[in-house]
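The listed protein sequences derive, respectively, from chains A and B.
Counted from 1, the first sequence has number 8 at position 8 by the working numbering; the numbering is strictly sequential.
Counted from 1, the second sequence has number 505 at position 177 by the working numbering; the numbering is strictly sequential.
Glycine included, C-beta positions come from ideal geometry on N, C-alpha and C.
First up is the structure itself, then whatever we jot down about it.
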Amino acid sequence: MQATGRRPRRATPSATVPETPRSESTPRPDRRPRGSGWWPYLLIAPTVLGAAALLLVPLLRGVLISLQDFQLRELINGGAPFVGLDNYTELLGDSLFWEVVRRTFLFMALNVVLIMVLSTLVALLVERLGRFGRTMVLSGLVLAWGMPVIAATTVFQWMFHSEYGVVNWSLTSLGFDSFDRYPWFANGPAAFAIVVFLVVWQSIPFAAITLYAGLTTVPRELHEAARLDGAGPWQAFRTITYPMLRPIFLLVLCLEVIWTFRAFVQIWVITQGGPGDATTILPVYAVQTALSQQRYDLGSAASMITVLLMSTVLVVYFRQLYRQEAEL
Amino acid sequence: MTPVVSSSAPTDARPPLRRRQRRHPLRSALAVGVFVFCVFPVYWMFSTAFKPATDIQTDEPQLVPTSWTLEHFRTAISSDGFWLFWRNSLMLTVSAVLLSLVVALAAAFAVARMRWRGRRAFLLLIFAAQMAPWESLIIPIYIMYRDADLLDRLPGLTLIYFMITLPFTIVVLRNFLATVPEELEEAAQVDGCTRPQAFLRVVFPLLAPGLMATSLFGFITAWNEFAYANFLIIKDQDSRTLPVWLTSFQNTFGTDWGATMAASTLFAIPALLIFLLLQRQVTSGFASGAVKA
Numbered sequence: 001m002q003a004t005g006r007r008p009r010r011a012t013p014s015a016t017v018p019e020t021p022r023s024e025s026t027p028r029p030d031r032r033p034r035g036s037g038w039w040p041y042l043l044i045a046p047t048v049l050g051a052a053a054l055l056l057v058p059l060l061r062g063v064l065i066s067l068q069d070f071q072l073r074e075l076i077n078g079g080a081p082f083v084g085l086d087n088y089t090e091l092l093g094d095s096l097f098w099e100v101v102r103r104t105f106l107f108m109a110l111n112v113v114l115i116m117v118l119s120t121l122v123a124l125l126v127e128r129l130g131r132f133g134r135t136m137v138l139s140g141l142v143l144a145w146g147m148p149v150i151a152a153t154t155v156f157q158w159m160f161h162s163e164y165g166v167v168n169w170s171l172t173s174l175g176f177d178s179f180d181r182y183p184w185f186a187n188g189p190a191a192f193a194i195v196v197f198l199v200v201w202q203s204i205p206f207a208a209i210t211l212y213a214g215l216t217t218v219p220r221e222l223h224e225a226a227r228l229d230g231a232g233p234w235q236a237f238r239t240i241t242y243p244m245l246r247p248i249f250l251l252v253l254c255l256e257v258i259w260t261f262r263a264f265v266q267i268w269v270i271t272q273g274g275p276g277d278a279t280t281i282l283p284v285y286a287v288q289t290a291l292s293q294q295r296y297d298l299g300s301a302a303s304m305i306t307v308l309l310m311s312t313v314l315v316v317y318f319r320q321l322y323r324q325e326a327e328l
Numbered sequence: 329m330t331p332v333v334s335s336s337a338p339t340d341a342r343p344p345l346r347r348r349q350r351r352h353p354l355r356s357a358l359a360v361g362v363f364v365f366c367v368f369p370v371y372w373m374f375s376t377a378f379k380p381a382t383d384i385q386t387d388e389p390q391l392v393p394t395s396w397t398l399e400h401f402r403t404a405i406s407s408d409g410f411w412l413f414w415r416n417s418l419m420l421t422v423s424a425v426l427l428s429l430v431v432a433l434a435a436a437f438a439v440a441r442m443r444w445r446g447r448r449a450f451l452l453l454i455f456a457a458q459m460a461p462w463e464s465l466i467i468p469i470y471i472m473y474r475d476a477d478l479l480d481r482l483p484g485l486t487l488i489y490f491m492i493t494l495p496f497t498i499v500v501l502r503n504f505l506a507t508v509p510e511e512l513e514e515a516a517q518v519d520g521c522t523r524p525q526a527f528l529r530v531v532f533p534l535l536a537p538g539l540m541a542t543s544l545f546g547f548i549t550a551w552n553e554f555a556y557a558n559f560l561i562i563k564d565q566d567s568r569t570l571p572v573w574l575t576s577f578q579n580t581f582g583t584d585w586g587a588t589m590a591a592s593t594l595f596a597i598p599a600l601l602i603f604l605l606l607q608r609q610v611t612s613g614f615a616s617g618a619v620k621a
């Protein structure tokens, strides 16, 4: 096979791996019957139907509900009246909601910065290790990656247990006596920090491995040339590694921003947004408002605002992807 | 006939470099640090699961267990409905993955092997679907399912899992298909096969490794899913899945962290095994976009 043994020109997260071996630019005669007729449409029909029924319709329904007065009574009896943008006005006029938005951005920024910085460092480290060390670190990363979210969440709850948790024990043994029986999950900022820690721990493997795969494609000659020219390690990173890595770096960054909202699961399991609302980020707020207070309309409005926020990042992501995937 | 992916594993892609720098003590220390950082929570889950209760509820946790017990696993397995939830999760996951495999194979074939109007738009739809904001669709889907009387029903959940895994499956299968030379198919057609026959007899066997890897990743995604299983299965406790059971397990067993960790272990093992099995694909960035933790 023509592709076997070839080194990837670039490692690409998400949709673009593995690369198509045959480049689209070499003109080849189209030997297929010209019009495939209705066959392709038949083949994609189930996919399109599925996407329409389970993505498009729910999205539209979400928009619809956010424009209605939809509470418990309407859920049971139906016939929700339209109220225009009232829900959005109510939401945007609520200082609690703005608090949640601020917290969401703080959560996102903390996660993304920590993930990107640590992953880049890990990727650079792995590249500089010998065969044994590299295999060891990569295996560790894969193991952490494979750990199911719920299992990891449960373990973190156990590790940060106030009485028998290994974290409090270590901190106390190191002389930080204030951590003796420290109730992590009862304290707002501490619970927030644990969720961030958990998300970062779970996200580093993907980001580090992807960035490392990208690093392996940077030609070594460039580094040697830079060294001969007297560039230090930081300069070499800034002028060679980073520019070569930039496309992958951006893709990973976008994905991590979007995936911030997936922390919904961890937060829901550990704190349900508490204590107080210290860990309530947008998706948690939306579900709480809808399912606990039966304000489906307000919850939907919050969800739609979340979707809107995510889409702006998605646009950036797609532009980047589009540049990489020339054949799309 | 290994597909392209496995050849691009970066682990072996480069000759060892900079011999001089390899035995850098700081670097080794950092490597060990990263390794411990990654592995410790997983290790802690296993070791707690095997420790006797007296060694768990103590102010001096043992980093390496001195005595071992299977008692916690017995507690977890004999807890109410364990096998039922295990079966639910397995059936749900397998049916969702099979469904998405069949549907994705058709779509991937259309995208990789045919030229038609709307192909680019379709691909864009797939990439968008891959990034679908599922966390933000919980409310409308809950309401739609309630109206359609699909709440508390596993088939309803199967549909969701099918749609969650579908876009990724299509993208990967399309890339695998692109590595199988079209000439093979054409030769089969020249030899008298019809196009579907050529596909089934020639291309399909070559796709087997790709199908395998793809479905395993789909399996993990569905196996781990929590949010929809939690909000769409509410009243019928017998239709719950393992992740939901695991979170409620803590409530039932309260302070029995040994049993909770044993339950986590039982739940995590299939996923961990698959990841270690597919390590090469994982490290080559194969699953990047779709499988995140």
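Which whole-angstrom value describes the C-beta separation of B/Ala440 and B/Met589, a residue pair presumed to lie in contact below a C-beta threshold of 8 Å? Taking a contact as a CB-CB distance under 8 Å, the pair B/Ala440 and B/Met589 does not count as one, their CB atoms being some 45 Å apart.
Can you check whether the C-beta of A/Trp184 is within less than 9 Å of a C-beta belonging to chain B? no
Taking 8 Å as the cut-off, is the C-beta of B/Phe413 nearer than that to any heavy atom in the ligand FMN? Only the bare structure without any ligand can be found here, which leaves the ligand FMN out of the picture.
Short check: CB of B/Leu544 to CB of B/Phe504, under 9 Å? Going by C-beta atoms, B/Leu544 is not nearer than 9 Å to B/Phe504.
For B/Thr493, tell me which candidate among B/Phe547, B/Arg523, B/Leu465 has the shortest Cα-Cα distance. B/Phe547
Could you list which residues in chain B have their beta carbon closer than 9 Å to that of A/Ala152, in chain order? Pro369, Val370, Met373, Ser592, Ala596, Ala621
Step through the CB atoms of chain B and report whether any lies within less than 9 Å of the CB of A/Phe107. no
Nearest-angstrom Cα separation, counted from A/Val126 out to A/Arg238: 18 Å
List the residues of chain A whose Cβ lies closer than 8 Å to the Cβ of B/Thr588, in chain order. Thr154, Trp158
A/Phe70 - DSSP class collapsed to helix/strand/coil: coil
Is the beta carbon of B/Thr403 closer than 9 Å to that of B/Gly586? yes
Thinking just about the alpha-carbon of each residue, which of A/Gly62, A/Phe264, A/Leu85, A/Leu298 is nearest to the one in A/Pro283? A/Phe264
State yes or no: is the C-beta of A/Pro205 within less than 9 Å of the C-beta of B/Cys366? yes
With a threshold of 16 other CB atoms inside 10 Å of the CB of A/Trp234, please say whether the residue is buried or exposed. exposed
Around the Cβ of B/Thr386, are there at least 16 other Cβ atoms within 10 angstroms (buried) or fewer (exposed)? exposed
Are B/Phe629 and B/Ser406 touching if we call contact CB-CB under 9 Å? In the structure as shown, chain B starts at 329 and stops at 621, and residue 629 of chain B therefore has no counterpart that could be examined.
Nearest-angstrom beta carbon gap, B/Ile466 and A/Val100 [assumed within contact, 8 Å]: The Cβ separation is near 16 Å, so there is no contact.
Taking 9 Å as the CB-CB cut-off, is B/Leu539 touching chain A? By this cut-off, B/Leu539 is not an interface position.
Mind listing the chain B neighbours of A/Ile240? Cutoff is C-beta to C-beta under 8 Å, in chain order. Correct list: empty, because the minimum Cβ distance to chain B is about 15 Å.
What residues are listed by DSSP as bridge partners for A/Phe82? A/Gln68
Secondary structure of B/Phe603, DSSP reduced to three states: helix
Do you know whose CA, among A/Trp39, A/Leu67, A/Val142, A/Val196, lies nearest B/Gln607's CA? A/Val142
For A/Ala191 versus A/Pro275, is the C-beta spacing smaller than 9 Å? yes
Identify which residue in A/Asn87, A/Leu42, A/Trp169 has its Cα closest to the Cα of B/Leu391. A/Trp169
Listed by chain order, chain B residues near A/Ile65 by CB distance under 8 Å: Ile467, Pro468, Ile471
For chain B, check one thing: does any of its Cβ atoms lie closer than 9 Å to the Cβ of A/Leu250? Under the Cβ distance rule, A/Leu250 does not count among the residues neighbouring chain B, no pair being separated by less than 9 Å.
Any Cβ of chain B within less than 9 Å of the Cβ of A/Gln2? Residue placement at A/Gln2 cannot be trusted, given a pLDDT of 35 that sits under 50; what the coordinates show is reported in the next sentence. Yes, A/Gln2 lies at the interface with chain B (some Cβ there is under 9 Å from its Cβ).
Quick check on A/Ala53: does DSSP put it in helix, strand or coil? helix
Assuming A/Ala207 and A/Ser119 are in contact, meaning their beta carbons sit under 8 Å apart, how far apart are those beta carbons, in whole angstroms? Between A/Ser119 and A/Ala207 the Cβ distance is about 4 Å, and since that is below 8 Å, they are a contact.
Measuring alpha carbon to alpha carbon, tell me which residue in A/Tyr182, A/Gly146, A/Ile150, A/Ser173 is nearest A/Phe160. A/Tyr182
A/Ser178 versus chain B: which residues are under 8 Å apart at the beta carbon? What A/Ser178 touches in chain B: nothing, since even the nearest Cβ is about 16 Å away.
Taking the beta carbon of A/Leu220 as the centre, do at least 16 other beta carbons fall within 10 Å, making it buried, or is it exposed? One detail in the question is off: residue 220 of chain A reads as Arg in this sequence, not Leu. Note on A/Arg220: under 16 other CB atoms within 10 angstroms of its CB, so exposed under the neighbour-count rule.
If you compare alpha carbons, which of A/Phe156, A/Asp180, A/Thr280 is closest to A/Val200? A/Phe156
Any Cβ of chain B within less than 9 Å of the Cβ of A/Pro364? No answer is possible for residue 364 of chain A: it lies beyond the span of chain A, which begins at 1 and ends at 328.
Considering B/Pro533, what are the terminal residues of the alpha helix (DSSP H) in which it resides? 532-552
Decide if B/Asn579 is buried, meaning its Cβ has at least 16 other Cβ atoms within 10 Å, or exposed. Looking at its Cβ environment, which holds fewer than 16 other Cβ atoms inside 10 Å, B/Asn579 is exposed.
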